[in-house]
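What follows is a set of notes on a single structure, which appears directly below.
Numbering (our numbering), first residue to last: 11 to 245.
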């Protein structure tokens, strides 16, 4: 039997077999949980069936937590946990509560003194950093960069300053169909001493984590259109 707690359950980043990216312990935990807080019910159902085809999906309860959820609706999602039943939090990809709305329900659980247990699983942020060769002791994940041109330019300058002054790795993502434009812009605007790591399809077929100087990338720009990618900058 598992403990009564809020389990943070990672999912895969790619179509790789779950046995490659998740411990068997995670599957055992999933089998015992009946209440899930999820970013998307449909994709969660598919994930649970990949964990164990014998899981009876129709007996489970799902609470959807995403950008459309009203903040006032979140506390009530934890009612089963407060009543003594284990619950799980599942994101669309990777680790829940990391660049993910699941953090909101975790914060409420912590404020109520409820037990929270994060499970082991893939994180594109950490795996990209691990493979980049950049500073892993000081880094910042910035999420999506601004779309507005002037705000974006200021963010580029801010990242460059943090790299130089604080030796801090800068990590960010982009909407996949804008990946190519972002790389071209970085190569044009960042000074030659800055290095760019492009990490694509982490854990999946064709995974590539490559670090080059920004000017080197100009001669070998990859086609990243609609490809899951995370970007890292350092010196």
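Where is the CB? At the ideal position from N, CA and C, for every residue including glycine.
- Is it true that the segment 72-81 meets the segment 22-31, where meeting means three or more beta-carbon pairs spaced less than 8 Å apart? no
- Note down the Cα distance separating residue 168 from residue 128, rounded to an integer number of angstroms. 32 Å
- Message: With a threshold of 6 Å on Cβ separation, who are the neighbours of residue 110 within its own chain once the five nearest residues in sequence on each side are excluded?
- Response: 101
- Message: Within the continuous alpha helix (DSSP H) that includes residue 139, where are the two ends?
- Response: 134-142
- C-alpha distance - residue 59 paired with residue 85, whole-angstrom precision: 28 Å
- Starting from the C-beta of residue 124, find all residues in its chain whose C-beta is less than 8 Å away, skip the five residues before and the five after it, and write them out in chain order. 15, 16, 88, 91 and 92
- Query: Considering only the beta carbon of each residue, do residue 181 and residue 152 sit closer than 8 Å?
  - Reply: yes
- Message: Here's the rule: buried if 16 or more other CB atoms are within 10 angstroms of the residue's CB, otherwise exposed. What is residue 155?
- Response: buried
- Report the residue from 38, 206 and 158 whose alpha carbon sits nearest the alpha carbon of residue 145. 206
- Task: Note down, in chain order, each residue of its chain lying with its Cβ closer than 8 Å to the Cβ of residue 51, except the 5 sequence neighbours on either side.
- Result: 72 and 74
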